[in-house]
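Residue numbers (this note's numbering): 11 to 268.
Backbone N, C-alpha and C define an ideal beta-carbon position, used for all residues, glycine too.
These figures come from a predicted structure and were not determined experimentally.
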């Protein structure tokens, strides 16, 4: 899945601008594979998705706060890559034109899914994007059916935004977390960098980026429909099996004995 994600990332940015974030101990799983393009940052601990975003973002903000970043979760199946890359670049362009917005790619739903987050479009923006009225995280089946009938979309959590926009959003909504990452940012390039990261993660709370930040600031977000692309969150084995069978490929889970 990481290699699949990197294939998409390399259509968006040169290798030297790629930042891959792993959990503790994940480096060991990369040893038998080709070197990962760009830089790899290993978190000392798993403190949920927001620290996983703000650790690499500290490097980007320190280098160029006006840079536009594209965030690609690595547990997704996406095809075709070229069509996806074109849409992701459109989101990046919108993020440049709307510097206060976080642009989220959103997928037209194929079923009333209860395990995904949904986004409610509000007003048209330019470039085919929409402002967001609110987020609906993992609704029950009846609610998911209603959301689908009303034309709401699945939130992929693939996003584009200016680095300083994401940083400011974190500072406004979770200053406790961002104070620690400010310390990391100040220590970059010094002999204190490794210590600062370890110390920050020792004190960090667990913070979910979607629930604790994005859902609290729908006015700072916009969505761009990801049409003409097959997308699936591979966070569950049954979704991996479903996708591979649809592609006519064997599943690695089919041969596992009970």
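Annotated three-state conformation of residue 243 is strand, per DSSP. For residue 185, the enclosing alpha helix (DSSP H) covers residues 185-197. Distances from the alpha-carbon of residue 144 to those of 150, 164, 36, 208 put 164 closest. With a minimum length of 4 residues, the unbroken runs of alpha helix (DSSP H) contained wholly in the segment 86-126 fall at 91-107.
Here residue 62 is buried, its C-beta having at least 16 other C-beta atoms within 10 Å.
A straight line joining the alpha-carbon of residue 251 with that of residue 125 spans about 16 Å.
Per DSSP, residue 158 is one residue of the alpha helix (DSSP H) stretching across 151-159.
Straight across, the Cα-Cα distance linking residue 229 with residue 260 is about 43 Å. A residue is called buried once 16 or more other Cβ atoms fall within 10 Å of its Cβ, and residue 37, having fewer, is exposed.
Counting only residues of its own chain and dropping the five nearest sequence neighbours on each side, residue 249 has a CB closer than 6 Å to the CB of 242.
In the structure shown, the three-state DSSP call for residue 172 is strand. For residue 144, the enclosing beta strand (DSSP E) starts and ends at 140-147. Note: residue 250 is not bridge-paired with any residue in the DSSP secondary-structure output. Separation of residue 138 and residue 235 (C-alpha to C-alpha, rounded to the nearest whole angstrom) is 8 Å.
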